[in-house]
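> Heads up: the sequence lines are chains R and G, in that order.
Here our numbering is used: the first residue of the first sequence is 396, the next is one more, and so on.
Here our numbering is used: the first residue of the second sequence is 276, the next is one more, and so on.
Ideal placement from N, C-alpha and C gives every residue a C-beta, glycine not left out.
These figures come from a predicted structure and were not determined experimentally.
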Amino acid sequence: MNRLKSSDGFKAAIPIMIGYVPVAMAFGILARNNGLTILETISFSFILYAGASQFIGISMIAIGAGFGEIILATFLLNFRHFFMSASLVAKLQSIPKHKGAILGFGVTDEVFSVASFAEGQLSERYLFSLEISSYLSWVAGTAVGFSMGSLLPETLQVAMGIGLFALFVSILVPELKKTSKALVLAALSGGVNSILNLVFMLPQGWSLVITIILVSFIGVFVYAKEEEVVYE
Amino acid sequence: MSKVMLLIIGMAIVTYIPRVIPFFTISNKELPNKLKLFLEFVPYTALGALLMPGVITAIPNQPLISLAGLSFACFYSWKKGGMIIPVVGSITVVFILLLI
Numbered sequence: 396m397n398r399l400k401s402s403d404g405f406k407a408a409i410p411i412m413i414g415y416v417p418v419a420m421a422f423g424i425l426a427r428n429n430g431l432t433i434l435e436t437i438s439f440s441f442i443l444y445a446g447a448s449q450f451i452g453i454s455m456i457a458i459g460a461g462f463g464e465i466i467l468a469t470f471l472l473n474f475r476h477f478f479m480s481a482s483l484v485a486k487l488q489s490i491p492k493h494k495g496a497i498l499g500f501g502v503t504d505e506v507f508s509v510a511s512f513a514e515g516q517l518s519e520r521y522l523f524s525l526e527i528s529s530y531l532s533w534v535a536g537t538a539v540g541f542s543m544g545s546l547l548p549e550t551l552q553v554a555m556g557i558g559l560f561a562l563f564v565s566i567l568v569p570e571l572k573k574t575s576k577a578l579v580l581a582a583l584s585g586g587v588n589s590i591l592n593l594v595f596m597l598p599q600g601w602s603l604v605i606t607i608i609l610v611s612f613i614g615v616f617v618y619a620k621e622e623e624v625v626y627e
Numbered sequence: 276m277s278k279v280m281l282l283i284i285g286m287a288i289v290t291y292i293p294r295v296i297p298f299f300t301i302s303n304k305e306l307p308n309k310l311k312l313f314l315e316f317v318p319y320t321a322l323g324a325l326l327m328p329g330v331i332t333a334i335p336n337q338p339l340i341s342l343a344g345l346s347f348a349c350f351y352s353w354k355k356g357g358m359i360i361p362v363v364g365s366i367t368v369v370f371i372l373l374l375i
C-alpha cells in the first residue's frame, strides 16, 4: 500500500470543507443572533471545534441551562471521538506525544470517516493536512457567518445541509462493494441508533456511543473466527 | 473573562480529552487481536450511526428531498467513487427540488 502524503490530505479535505463552510456560517449567524460577541463566537470554533455541540451550547446558553449541565451534555455528545481516535491510532505508526496532542485535537466525524477509508497507508502528514484544512474552513466559515451573515441564498444554505450526509454516503458506498461486513455493520448500527434515538428517546450522544460500542462488539463476536486466519 | 468564555473553555476541555487520550495511550503498542478487530469495525458502525436517523431530518420537514439528494450520492459513488461530485451533486439535486 502507498503511504499517504500531505497533498493527499489536502485533496481529501475538499469535500469536508464544502460541507463545513455552510454549517460553520450558520453557526456564526446563530451565535450573533443570540448575542454572543465575535470573540466568543470564534472561540467556539477555534478552541472547541465540535459542530453539533457548538449549536447545542448556544441553545443551552439561550435557555439559561447550568454550567454543569452544558459541560456534561458536551462530554457525552463528543465521547464517540474517543473510539474514532483509537481506531485511527491503531492504523498509524508510533506518534510522538507532542504530535499526538495536535492530531487528537482535529479528530471529527468527517475527518475520521475520510481518513479511515483513505486508499493507502495512513500517515501523520496525511492526517495533519486533512485536519488543518478542515479546521481552518470551520473557523473561517464561522467568522464569515458572524460578520457577513449568510452570503448564500437561503434555499442554497438549506440545501447544503445535505452535504455532510452525502459525504458519509460517498465514503460508505464504495466499501459495500469490497466487503459484506460494511453493509451488515453499517445497516445494523443505523438501525440500532435509530431505535435508541427515536424509540428509547436517548440523547444523541448516548445513542451514538452505545451503538458504536455494541455493534462493533457484535462484529467482533461474529467475525472473530474468520479473521483469526488473517492474523495468525 | 466572560461567563460564556469560561463555558467554552470547559466544553473544549471535555471534548479534547476523549479525542486525545488514545494518541497517548495506544500509540506504539501491540494490541490484542480482538481489540484490533473492534477498532477496525468502528468506522463502519460510526458511519451507519452518523447517517441514521440523522439523515431523515437533514433538510427540515423534507425527508423525501433528503432521500433524493442522497440517492444521487449513492448512485454516483457506487458507479464512479470519489467524494466531491457526490457532495456537490447531492446539494444541487436538493437545491433544485427545493426550488420547484
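So, S365 (chain G) versus P569 (chain R), is the Cβ gap smaller than 7 Å?
By 1-based counting over the second sequence, the position of residue 365 (chain G) is 90. By 1-based counting over the first sequence, the position of residue 569 (chain R) is 174. Going by C-beta atoms, S365 (chain G) is not nearer than 7 Å to P569 (chain R).
> Where does L522 (chain R) land, buried or exposed, given buried means 16+ other C-beta within 10 angstroms?
As a position in the first sequence, residue 522 (chain R) is number 127, starting the count at 1. Label assigned to L522 (chain R): buried.
> DSSP on Q516 (chain R), reduced to helix/strand/coil?
The count along the first sequence starts at 1 and reaches residue 516 (chain R) at position 121. It is a strand residue.
> Just how far apart, CA to CA, sit V330 (chain G) and F474 (chain R)?
In the second sequence, counting from the first residue as 1, residue 330 (chain G) sits at position 55. In the first sequence, counting from the first residue as 1, residue 474 (chain R) sits at position 79. Whole-angstrom Cα-Cα distance: 21 Å.
> Out of R:S448, R:V617, R:L517, state which residue places its alpha-carbon closest to the alpha-carbon of N397 (chain R).
If you number the first sequence from 1, residue 397 (chain R) lands on position 2. Nearest C-alpha to N397 (chain R): R:L517.
> Which stretch, first to last residue, makes up the alpha helix (DSSP H) that contains A421 (chain R)?
Within the first sequence, residue 421 (chain R) is the residue found at index 26, counting from 1. Here the alpha helix (DSSP H) through A421 (chain R) covers 401-428.
> Can you tell me which of G:Y319, G:V369, G:K309 puts its alpha carbon nearest to the alpha carbon of L571 (chain R)?
Mapped onto the first sequence, residue 571 (chain R) falls at position 176. Among G:Y319, G:V369, G:K309, the Cα nearest to that of L571 (chain R) belongs to G:Y319.
> Helix, strand or coil for E627 (chain R), going by three-state DSSP, please let me know.
Numbered from 1 along the first sequence, position 232 holds the residue referred to as residue 627 (chain R). With a pLDDT of only 43 at E627 (chain R), under 50, the local geometry of the prediction cannot be trusted, and no value is derived from it.
> Would I359 (chain G) pass as an interface residue toward chain R - the criterion being a Cβ-Cβ separation below 7 Å?
Here residue 359 (chain G) refers to the residue found at position 84 of the second sequence. Closer than 7 Å: yes.
> Since G556 (chain R) meets chain G, which of its residues come closer than 7 Å, beta carbon to beta carbon?
Within the first sequence, residue 556 (chain R) is the residue found at index 161, counting from 1. The answer, in chain order, is A333, I334.
> In terms of DSSP beta bridges, what is R398 (chain R) paired with?
Within the first sequence, the letter at position 3 stands for residue 398 (chain R). According to DSSP, which records beta bridges pairwise, R398 (chain R) is partnered with R:Q516.
> Please report how far the alpha carbon of Q552 (chain R) lies from the alpha carbon of F560 (chain R), in whole angstroms.
Along the first sequence, read from residue 1 onward, the residue named residue 552 (chain R) stands at position 157. Along the first sequence, read from residue 1 onward, the residue named residue 560 (chain R) stands at position 165. If I take the Cα positions, the gap works out to 15 Å.
> How do the region 297-315 of chain G and the region 471-487 of chain R stand: do at least 3 beta-carbon pairs fall below 8 Å, yes or no?
Taking 8 Å as the limit for Cβ pairs, the verdict is that the region 471-487 of chain R does touch the region 297-315 of chain G.
> Please report the Cβ distance between F422 (chain R) and S440 (chain R), rounded to the nearest whole angstrom; I am assuming they are in contact, meaning their Cβ atoms lie under 8 Å.
Locating residue 422 (chain R) in the first sequence gives position 27, where the first residue counts as 1. Locating residue 440 (chain R) in the first sequence gives position 45, where the first residue counts as 1. Correct: roughly 7 Å between the Cβ atoms.
> Taking Cβ positions, are T574 (chain R) and V587 (chain R) nearer each other than 7 Å?
Along the first sequence, read from residue 1 onward, the residue named residue 574 (chain R) stands at position 179. Along the first sequence, read from residue 1 onward, the residue named residue 587 (chain R) stands at position 192. No, these two residues do not count as a Cβ contact at 7 Å.
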